[in-house]
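Here the protein sequences line up with chains A and B, keeping their order. Each step along the first sequence adds one to the number in my numbering, with nothing skipped, and position 256 is 256. Plus 1000 on top of the position in the second sequence (first one is 1) and you've got my numbering. Scroll down for the structure; my scribbles are underneath it.
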Amino acid sequence: MEATGYRLSVEGKMGEGATIRLAGRLSLNDLQPLMADLQAIPGRMKPLRLSVDLAGVEYMDSAGALALIELENLAGSLSIPFDLLNVSGKNHGLLGLIDREALRRPPLRPESVRPSVVENLGELARRQVRDFFEIMSFVGDLVMALAWSLAHPRSVRWEEVRFYMKRAGADGLPIVALISLLLGLIMAFMSSLQLKQFGANIYVANLVTLAMVRELGPIMTAILVAGRSGSAFAAEIGTMVVNDEVNALVTMGFDPIRFLAVPKVLAAMAVVPILTVYADLFAILGGLIVGITGLDLTFFTYVQQTKASIRIFDLATSMIKAVVFAMLIAGIGCQRGFQVKGGAEGVGMSTTSAVVSAIFLIILADSAFAIMLHYIRQ
Amino acid sequence: MDRQMAGCRSQGVRIRRQEEQKSGVEENYFRSSDLRKRAAPGMDEAPYYRTGITVGSPNTEPVIIVENLTARYGDVTILEDVSFEVRRGERLMILGGSGCGKSTLLKHMIGLLKPYSGRILINGIDIAQADGEALHRVRREIGVLFQADALFGSMSLAENVALPLVEYTGLPPELIREIVRMKLGLVHLAGYENHMPAELSGGMRKRAGLARAMSLDPTFLFFDEPWAGLDPVTAAELDILIRSLNEGIGTTMVFVTQELASIFSLAERAIMLHKDTKGIIARGTPADLREKSTDPRVLHFFNRQAD
């Protein structure tokens, strides 16, 4: 579309009939100056009648036609008789296609206005309440489906379970290991700066082990799994909802929760505790590296101290936590997926929401565990 | 829909009548009401309307040239040594059964896929080799209506249609709003500016997709199965709309389809692909292909018979 532009000349005197001669290309590229030029003429010349001669027009697109129609409308509003001269067959067709009424027709629906703060608050509260009920109802369905699967283990799609175990577990191991190792290093290094002053170097092992096994191991692993796999579950199920695949499952007589959510939840419940153990081990390894290189501890002393600092009870509760976190992550991931409405944007929103909700629930559950375990330990 | 169409044309028809009286212009235009009356019953008749434009006549120059195109996905050859041309202002249909490479061919023509060998010239520019300013220029001249309409679900219709205008033209917002209203009017969706795509029916979404494809007044419009999923009445209405746009604006149109009714109602020329030969097995007007072809594959296609 080479923009050679248009040429415009006006013939006629002030207060008499005027003829605008247009030539060249009346195209979208020059719409703005063309419109400004044309719209200025009726006001400036105040003609008794206005004609536009299109004899020299080589090319006109719908934007050019729009400029002519707008000029006609302006002339109409000033009660100036208006006509077009030398309109080629093609331009005739184009002018005939444009729906003049549509240019003035108000939208069937007003542009959405920004809601007020109060409206926003109300909408937010309404959404939260609805969300709560939806989650509760999903939890009920999921628990029922899990119970049914336990009672009928042959009905579980174990192939799928294995697939998601690999996705969420084996594929996630490198990042979990790396983060935990660095976490162990950092904890050991920072605490050693303080403990060194009291000659309590050896307690670095206790600190790293207790912090990791009791709290950070399960939490860090769960947050990583939420980011990696919770989001993936939500996006996968969400896209299936958008593509009517979930509806297809229902019509084929499958329960979507049993078919889609149960394998993911079971897989997560199986692999998150294993990942947690790995996270603990790598963090201890990180502490060990700092202990040996920075604190003059031997491998044997560090490992002995680590073993002495930990109780089976801590390990067991850590595993229970991991299983609960896994259920929360996979459950909320699937629930957010099933909740998707609309298209691509809905999938994006549900994925974000899956991660945020999962992390929130992990912290909430961990707080509950902290209080419960405090009383149980006493 | 009927009332909407009749209403939106009345002004245009009046102007033309005035013009006719003044300058004695011959009846060189179509009337939409005539179009509707004549096109709706029996799409096979492929009525021809005098418009004063020699749309797609064999005399117009070729504007899209496909030369010895070979297309491959990995080791699998989809198309081999395909050559044809599209002339200015014509409506060309690419036909063929499922899996014959129609959509692959279209994707090559709009530059989404690069040819394994051969080239595609659009207005003299090789779309696979072009980059920078040349590619930008070719892209501006191309509008595509995708099979699944591909409207952006998070944007209203007005925003969908305005997007290319905002990005490419730098026009002030009020002028863009006016162009958007005009484009939506062209596809009989005036007033639906603020509706979201999800709130519209399939046919309306197709038309909105067409409005977006046309927002920059492209020289070429490509349609990928535009009738898929539409009921026969909506499909016929889309045919009328497409024909009137082609004849009114003179846009060159390339369709990929297997919809027999629309092939006969719209195509001026067709090429037919077949997966066995990985190339073109027939060319010509749809009527010629149906009546004169001796190739059983062509006859089966046009007579809706199993192979």
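All residues carry an ideal CB built from backbone N, CA and C; glycine is no exception. As the structure is a prediction and not an experimental result, all values here were calculated from the model.
Decide if residue i is buried, meaning its Cβ has at least 16 other Cβ atoms within 10 Å, or exposed.
| i | result |
| --- | --- |
| A/F325 | buried |
| A/T352 | exposed |
| A/S350 | buried |
| B/A1006 | Its pLDDT being 43, under 50, B/A1006 is placed unreliably by the model, and the measurement read from it follows with that caveat. The residue in question, B/A1006, is exposed, as its Cβ has fewer than 16 Cβ neighbours within 10 Å. |
| A/S79 | exposed |
| A/N29 | buried |
| A/F369 | buried |
| A/V213 | buried |
| A/F82 | buried |
| A/S112 | exposed |
| A/L48 | exposed |
| B/N1246 | buried |
| A/G169 | buried |
| A/R25 | buried |
| B/G1056 | Low confidence applies to B/G1056: its pLDDT is 43, below 50, so where it sits in the model is not reliable, and the reading given next is rough at best. With 16 or more Cβ atoms within 10 Å of its Cβ, B/G1056 is classed as buried. |
| B/S1262 | buried |
| A/H92 | buried |
| A/R104 | exposed |
| A/A125 | exposed |
| B/N1303 | exposed |
| A/S191 | buried |
Report the residue from the options whose alpha carbon sits nearest the alpha carbon of residue i.
| i | options | result |
| --- | --- | --- |
| B/N1194 | B/E1167, B/E1159, B/F1220 | B/E1159 |
| A/Y302 | A/V118, A/L207, A/A354, A/Y375 | A/L207 |
| B/L1266 | B/L1241, B/V1138, B/I1249 | B/L1241 |
| B/V1166 | B/L1216, B/Y1192, B/G1191 | B/L1216 |
| A/F338 | A/D314, A/L281, A/L260, A/M220 | A/L260 |
| A/V242 | A/L54, A/E345, A/V117 | A/E345 |
| A/A75 | A/Y59, A/L26, A/M60, A/I41 | A/I41 |
| A/A102 | B/D1239, B/L1184, B/G1202, B/Q1258 | B/L1184 |
| A/A211 | A/L195, A/L297, A/S27, A/A188 | A/A188 |
| A/D37 | A/D280, A/A365, A/A279, A/G5 | A/G5 |
| B/I1181 | B/L1157, B/G1279, B/E1237 | Reading off the sequence, residue 1181 of chain B comes out as Arg, not Ile. Among B/L1157, B/G1279, B/E1237, the Cα nearest to that of B/R1181 belongs to B/L1157. |
| A/A145 | A/L361, A/V355, A/G122, A/L266 | A/L266 |
| B/T1169 | A/F198, A/E215, A/P33, A/F282 | A/P33 |
| B/G1089 | B/M1196, B/G1250, B/K1292, B/S1262 | B/G1250 |
| A/S77 | A/A18, A/G43, A/M14 | A/G43 |
| A/E221 | A/I186, A/F198, A/H152, A/I329 | Per the sequence presented here, residue 221 of chain A reads as Thr, with Glu not at that position. That would be A/I329, whose Cα lies nearest to the Cα of A/T221. |
| A/L361 | A/A322, A/M45, A/S192, A/T306 | A/A322 |
| B/V1086 | B/C1100, B/P1197, B/V1063 | B/V1063 |
| A/D255 | A/R336, A/L183, A/R157 | A/R157 |
Mind pulling the chain E residues with CB within less than 9 Å of residue i?
| i | result |
| --- | --- |
| B/E1133 | Absent from the structure is chain E; the protein chains it does hold are A and B. |
Between which two residues does the alpha helix (DSSP H) carrying residue i extend?
| i | result |
| --- | --- |
| A/S231 | 231-242 |
| B/P1218 | No alpha helix (DSSP H) holds B/P1218; DSSP gives it neither H nor E. |
| B/H1108 | 1102-1109 |
| A/F338 | 312-338 |
| B/E1133 | 1132-1140 |
| B/N1068 | Per DSSP, B/N1068 belongs to no alpha helix (DSSP H); it is in the beta strand (DSSP E), 1062-1073. |
| A/A354 | 344-377 |
| A/E58 | Counting along the chain, A/E58 falls outside any alpha helix (DSSP H), though it belongs to the beta strand (DSSP E) covering 50-60. |
| A/T298 | Here A/T298 belongs to no alpha helix (DSSP H), and DSSP marks it neither H nor E. |
| A/R157 | From DSSP, A/R157 is part of no alpha helix (DSSP H); its letter is neither H nor E. |
| A/R44 | 31-45 |
Can you tell me where the beta strand (DSSP E) holding residue i begins and where it ends?
| i | result |
| --- | --- |
| B/T1155 | The amino acid occupying residue 1155 of chain B in the given sequence is Met; Thr does not appear at that position. From DSSP, B/M1155 is part of no beta strand (DSSP E); its letter is neither H nor E. |
| B/Q1282 | Per the sequence shown, the amino acid found at residue 1282 of chain B is Ala instead of Gln. First-last of the beta strand (DSSP E) with B/A1282: 1279-1284. |
| A/S9 | 6-11 |
| B/R1088 | Per DSSP, B/R1088 belongs to no beta strand (DSSP E) and is neither H nor E. |
| B/G1118 | 1117-1122 |
| A/A211 | Per DSSP, A/A211 belongs to no beta strand (DSSP E) and is neither H nor E. |
| B/R1304 | Careful: B/R1304 lies outside any beta strand (DSSP E) and carries neither H nor E. |
| A/G24 | 18-26 |
Touching or not, the stretch 1199-1211 of chain B and the stretch 1077-1097 of chain B, by the rule of three or more beta carbon pairs under 8 Å? Short answer: they don't touch.
Please determine if the stretch 231-243 of chain A and the stretch 131-144 of chain A are in contact, where contact requires at least 3 C-beta pairs separated by less than 8 Å. Taking a contact to require three or more Cβ pairs closer than 8 Å, the stretch 231-243 of chain A and the stretch 131-144 of chain A do not qualify as touching.
Unbroken stretches of the beta strand (DSSP E), 3 residues or longer, contained in the stretch 71-133 of chain A: Qualifying beta strand (DSSP E) stretches, in chain order: 82-85.
With three or more beta-carbon pairs closer than 8 Å as the criterion, would you say the stretch 1072-1084 of chain B touches the stretch 1101-1111 of chain B? Short answer: they touch.
Between the stretch 296-315 of chain A and the stretch 245-257 of chain A, do three or more beta carbon pairs fall short of 8 Å? With the rule of 3 Cβ pairs closer than 8 Å, the stretch 296-315 of chain A does not count as touching the stretch 245-257 of chain A.
For the stretch 1228-1296 of chain B, list the alpha helix (DSSP H) runs that are entirely contained and at least 4 residues long, ordered along the chain. Counting only runs that start and end inside the stretch 1228-1296 of chain B, the alpha helix (DSSP H) elements of at least 4 residues fall at 1232-1249, 1260-1266, 1286-1292.
For the structure I just gave you, are there three or more beta carbon pairs, one from the stretch 1065-1080 of chain B and one from the stretch 1227-1235 of chain B, closer than 8 Å? Segments in contact, no.
Contact the stretch 170-184 of chain A vs the stretch 275-288 of chain A: 3+ CB pairs below 8 Å: In short, these stretches touch, since the Cβ pair count reaches three.
What are the complete alpha helix (DSSP H) segments, minimum 4 residues, inside the stretch 1162-1202 of chain B? Within the stretch 1162-1202 of chain B, the complete alpha helix (DSSP H) runs of at least 4 residues are 1173-1186.
Any contact of the stretch 287-299 of chain A with the stretch 218-229 of chain A, i.e. 3+ C-beta pairs under 8 Å? Cβ pair count under 8 Å is below three, so no.
Check whether the stretch 15-22 of chain A touches the stretch 45-60 of chain A, counting contact only when three or more Cβ pairs, one atom from each stretch, lie closer than 8 Å. Inter-segment contact for the stretch 15-22 of chain A and the stretch 45-60 of chain A is present: three or more beta-carbon pairs are separated by less than 8 Å.
Can you list, in chain order, the stretches of the alpha helix (DSSP H) that have 4 or more residues and sit fully within the stretch 261-295 of chain A? Whole alpha helix (DSSP H) segments, 4+ residues: 262-294.
Are at least three pairs of beta-carbons, each pair with one atom in the stretch 1135-1146 of chain B and one in the stretch 1106-1122 of chain B, less than 8 Å apart? The answer is yes - the stretch 1106-1122 of chain B touches the stretch 1135-1146 of chain B, with three or more Cβ pairs under 8 Å.
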